[in-house]
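Below is one structure, written out as structure tokens; comments come after it.
Number of protein chains: 2
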Amino acid sequence: MTTPPGLRERKKQATREALREAALRLAVERGPDQVRVEDIAEAAGVSPRTYNNYFASREQAIVSAVTADREARIAAAVTARPAGVRLTDAVTQAVVEQYTNTGEREQQALLLITTRTALRDAFLDTTADIEPPLTAVIAERLGDTGAQTARVLAASVAAAVRIALEGWLRAAGNAEAAEGFGAGGLVVPSGSLPDQLRAAMAPLAPAFDAAERSTQP
Amino acid sequence: MTTPPGLRERKKQATREALREAALRLAVERGPDQVRVEDIAEAAGVSPRTYNNYFASREQAIVSAVTADREARIAAAVTARPAGVRLTDAVTQAVVEQYTNTGEREQQALLLITTRTALRDAFLDTTADIEPPLTAVIAERLGDTGAQTARVLAASVAAAVRIALEGWLRAAGNAEAAEGFGAGGLVVPSGSLPDQLRAAMAPLAPAFDAAERSTQP
DNA sequence: ACGTAAACTTGCGTGTACGCATTTTTCCTG
DNA sequence: CAGGAAAAATGCGTACACGCAAGTTTACGT
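As structure tokens, this is what we get:
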């Protein structure tokens, strides 16, 4: 199915990885605001023009060092679940798993991201990337008649994940708001990231169940 | 509740409207690619710097001439439905209504938008704008305990609308694909805009019903 | 009515985004 | 193993995005 990637593709990925690496390292070293595209390009050994062939903005390179190939991993995690589990659970578990199994280095980068609005926005934008692969795996479970449904559900998941991350970033950003109110805690979860993700996914469960039911009566 | 808007606010809206108008007119006159921000600003009687205080990109001004205050109209249309109807139906009807009740001028602008990828993207991006007002009206119907659910549902609606518009734009863009296949029509609706919107909203109905049910047993 | 604070506009400077044309590298086929 | 096609990198030029520091207008309290 997949021919071993040629030198062309490997070099491309190497360049992308070098840009990621350079962007994150420089951002950590001197602070996110003291890094220009020109610096990143130079550190990665390419021209600034080439940088923009890989990343559309300065922030994307930094953020992509954290997100890497999260989309593919989420899709793989969904298909890895046994066929018996509810689709809703499979997707939720896969999302939680891939957003929390984070390494040392990624944790540090996340902390950096929370400090700048532009970086937070770029990070939140990456949630949209999970939509295409999710659409594919959901469509596979729903059969060909549910293609449109799969697209809508995948997009809804991406939206739910974004909302969860927003809430989590907000809580992480200003930790003083945690004690601001007294008993309003019922409204907003504001808990850990896995909790936020599960809470955001929950409202979509009935839609998943209905879609799954309509294919296997 | 609302104090009559002062001179300040009225002038602001006038400037915004002038920029919209100028952007659309110039785009129609000379073609979308032959219009620079400087031209739009000049035609509207402001500096280019001021233009960017209102619109973040060149395309936004053109697109906003079509979308205007669609977000507010959709939210109002939802609350205008009698309290008896299902929330899902209220939202769907409101969305369909506001995206199809289009005037002469807007129709022409839409045609223009379909001709350029950058404009189509900017147009699709505007679907995200309906999310905050939709969140508010849905939250009102669900009560205070469903705040998070309201956010997820509103975001899902925005995503569904975006998918519907993508499908419609694709169909409108290359009309030759309509006869490309024979009986594959079961998979992709590819019909009129109202049909696309209703089809995209349908998978979310169970989620809306469940949310509504959990508040009024 | 006046003065002050807040909001808006503007000019300027820097950094980024991207189209186009050219050069370099990789790939494939005879 | 050539040699040409395809893809990528690069240089260059232009236009856009935006922070900052004025200057200008509106709003509001005394």
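Sequence order for the protein chains is F and P. Residues in the first sequence are numbered from 97 upward in steps of one, following my numbering. Residues in the second sequence are numbered from 97 upward in steps of one, following my numbering. For glycine and all other residues, C-beta sits at the position ideal for the given N, C-alpha and C.
If you reduce the DSSP assignment to three classes, tell me which class residue i lands in.
{"i": "Thr175(P)", "result": "helix"}
{"i": "Asn62(P)", "result": "This structure leaves residue 62(P) out entirely; chain P is present only between 97 and 313."}
{"i": "Asp305(P)", "result": "helix"}
{"i": "Ala164(F)", "result": "coil"}
{"i": "Gly263(F)", "result": "helix"}
{"i": "Arg182(P)", "result": "coil"}
{"i": "Thr198(F)", "result": "coil"}
{"i": "Pro101(P)", "result": "coil"}
{"i": "Arg212(F)", "result": "coil"}
{"i": "Ser143(P)", "result": "coil"}
{"i": "Thr188(F)", "result": "helix"}
{"i": "Ser310(F)", "result": "coil"}
{"i": "Ser252(P)", "result": "helix"}
{"i": "Leu293(F)", "result": "helix"}
{"i": "Ala274(F)", "result": "Note that Ala274(F) has pLDDT 40, beneath the 50 cutoff, so the model's placement of it is unreliable and no number is given."}
Where does residue i land, buried or exposed, given buried means 16+ other C-beta within 10 angstroms?
{"i": "Glu167(P)", "result": "buried"}
{"i": "Leu208(F)", "result": "buried"}
{"i": "Arg330(P)", "result": "Only positions 97 to 313 of chain P appear in the structure, and residue 330(P) is not among them; the question remains open."}
{"i": "Ser143(F)", "result": "exposed"}
{"i": "Leu115(F)", "result": "buried"}
{"i": "Met297(P)", "result": "buried"}
{"i": "Val181(F)", "result": "exposed"}
{"i": "Thr196(P)", "result": "exposed"}
{"i": "Gly242(F)", "result": "buried"}
{"i": "Thr211(F)", "result": "exposed"}
{"i": "Gln204(F)", "result": "exposed"}
{"i": "Tyr155(F)", "result": "In the sequence under discussion, the amino acid at residue 155(F) is Glu, which differs from the Tyr named in the question. Its Cβ being crowded by 16 or more others within 10 Å, Glu155(F) is buried."}
{"i": "Gln244(F)", "result": "buried"}
{"i": "Gly281(P)", "result": "Its pLDDT being 37, under 50, Gly281(P) is placed unreliably in this model, and the value from its coordinates should be taken loosely. Exposed: under 16 other Cβ atoms inside 10 Å."}
{"i": "Glu227(F)", "result": "buried"}
{"i": "Arg106(P)", "result": "exposed"}
{"i": "Thr213(F)", "result": "exposed"}
{"i": "Gly127(F)", "result": "exposed"}
{"i": "Thr146(P)", "result": "exposed"}
{"i": "Ala295(F)", "result": "buried"}
{"i": "Gly263(F)", "result": "buried"}
{"i": "Arg258(P)", "result": "buried"}
Please list, in chain order, the chain F residues whose beta carbon lies closer than 9 Å to that of residue i.
{"i": "Ile259(P)", "result": "Gln244, Arg247, Val248, Ala251"}
Can you pull the chain P residues whose beta carbon is under 8 Å from the beta carbon of residue i, in chain order?
{"i": "Asp305(F)", "result": "Pro302"}
Strictly below 7 Å CB to CB, what residues from chain P border residue i?
{"i": "Pro299(F)", "result": "Thr245, Val248, Leu249, Ala303, Ala307"}
{"i": "Ala295(F)", "result": "Gln244"}
Under 8 Å between beta-carbons, which chain F residues line up against residue i? List them in chain order, please.
{"i": "Ala255(P)", "result": "Val248, Ala251, Ser252, Ala254, Ala255"}
Exercise. Got a sec: which bits of the segment 191-224 of chain P sit with their beta carbon under 8 Å from any beta carbon on chain F, in order along the chain?
Worked result: Near chain F, meaning a CB-to-CB distance below 8 Å, no residue of the segment 191-224 of chain P qualifies.
Problem set entry | beta strand (DSSP E) segments (min. 3 residues) lying fully within the segment 222-246 of chain P | Runs of the beta strand (DSSP E) lying entirely within the segment 222-246 of chain P and spanning at least 3 residues: none are present.
For this session: Could you pull out every unbroken alpha helix (DSSP H) segment of at least 4 residues lying fully inside the segment 109-138 of chain P, listed in chain order?
Result: none
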